[in-house]
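Written below as structure tokens is the structure these notes are about.
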Amino acid sequence: MITRTSKNPGCSRRGFTLLETLLAASLFMLFLGAAIVSLGPTSRGCNLDQGAVRLESILRFARAEAANTGRRVRVAFTQEAQTTEPHKPVRVLWEPEPLDEPEVFQDLSSAKWELDGFGEHVSVEQIRLLDSSDTSSAPDASAPSTIEEGDEWALAAESTPITFNPDGSSDSAEIVLAARDGDDDRRVTVRVLGLTGLICREVTSDSKGESEADGHKRIQDSSLTVAE
22 MITRTSKNPG CSRRGFTLLE TLLAASLFML FLGAAIVSLG PTSRGCNLDQ
72 GAVRLESILR FARAEAANTG RRVRVAFTQE AQTTEPHKPV RVLWEPEPLD
122 EPEVFQDLSS AKWELDGFGE HVSVEQIRLL DSSDTSSAPD ASAPSTIEEG
172 DEWALAAEST PITFNPDGSS DSAEIVLAAR DGDDDRRVTV RVLGLTGLIC
222 REVTSDSKGE SEADGHKRIQ DSSLTVAE
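Taking this note's numbering, the leading residue of the sequence shown gets 22, the next gets one more, and so forth.
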């Protein structure tokens with residue numbers, strides 16, 4: 022009599038039971054919840070930090086364009102209520118014909134990629150020009166600038182533009198950023214030092230200006246040097 026045996030004796034296939042599947046799913050959900058709780062505070066601060074880095078990149082771009090083109094370049098700010106485009110509080114302008122049309126600034130088309138996306142997660146709360154010994158970069162109050170293609174920007178551009186000159190100097194200014202996420206009550210102040218070209222950041226815990234660490238903790242971007 023011939024008996025047939027399995028090709029793989031001792032090998033049996035058995036799936037997970039319902040109890041084992043439920044236990045594995047419960048453990049997975051517990052680990053996932055713990056990860057979300059632990060990473061939550063960190064992720065909430067990312068939007069503001071990334072917005073500050075983006076603003077520094079825009080300022081660095083404007084300074085490089087002024088040096089490369091030999092024309093003055095301005096970074097202008099506006100309140101969102103004054104513009105028809107939401108979440109676009111920053112505009113980069115340049116002076117294409119300083120001899121024939123002085124103080125006439127136009128949009129710099131090459132800045133589009135730098136500006137795209139800025140303002141979606143952060144808002145500009147305050148812009149203030151600072152006193153600087155570099156008086157050559159200060160705007161001339163007797164010759165107000167003319168802004169083309171966008172009258173809604175005129176007031177903001179005339180009152181608080183940051184001007185970058187071809188020689189690498191610029192206005193000294195500070196810009197206060199806030200996160201659109203209500204869970205993040207911090208503020209970031211980005212400062213531009215016109216004489217040296219240095220850009221630095223200061224993080225505060227709230228709009229009252231209380232420092233997050235020792236009262237005056239400053240994070241300097243050492244990679245930002247005066248454009249050659």
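Backbone N, C-alpha and C define an ideal beta-carbon position, used for all residues, glycine too. A quick note: this is a predicted structure, and the numbers were derived from the prediction, not measured.
Check, Outcome
"Bridge-paired residues (DSSP) for PHE257", "For the chain, the structure presents residues 22 to 249; residue 257 sits outside this window and is missing."
"Where the alpha helix (DSSP H) containing GLU195 begins and where it ends", "Run containing GLU195: none in the alpha helix (DSSP H); it sits in the beta strand (DSSP E), 194-200."
"Proximal residues to ALA73 (C-beta, below 8 Å), its chain only, five neighbours per side dropped", "VAL143, LEU198, VAL209, VAL211, ARG222"
"Alpha-carbon spacing of GLU135 relative to VAL111, whole angstroms", "10 Å"
"Simplified DSSP state of LEU40, which is helix, strand or coil", "helix"
"Burial state of GLU122 (16 or more Cβ within 10 Å)", "exposed"
"ARG222 - DSSP class collapsed to helix/strand/coil", "strand"
"Pair within 7 Å by beta-carbon distance, ASP206 and ASN68", "no"
"Beta strand (DSSP E) segment containing LEU290, residue limits", "This structure does not reach residue 290, given that the chain is present from 22 up to 249, and the question cannot be answered."
"Burial state of GLU86, where buried means 16 or more other Cβ atoms lie within 10 Å", "buried"
"Closest Cα partner of ARG75 within the set ARG149, ASN89, LEU214, VAL145", "VAL145"
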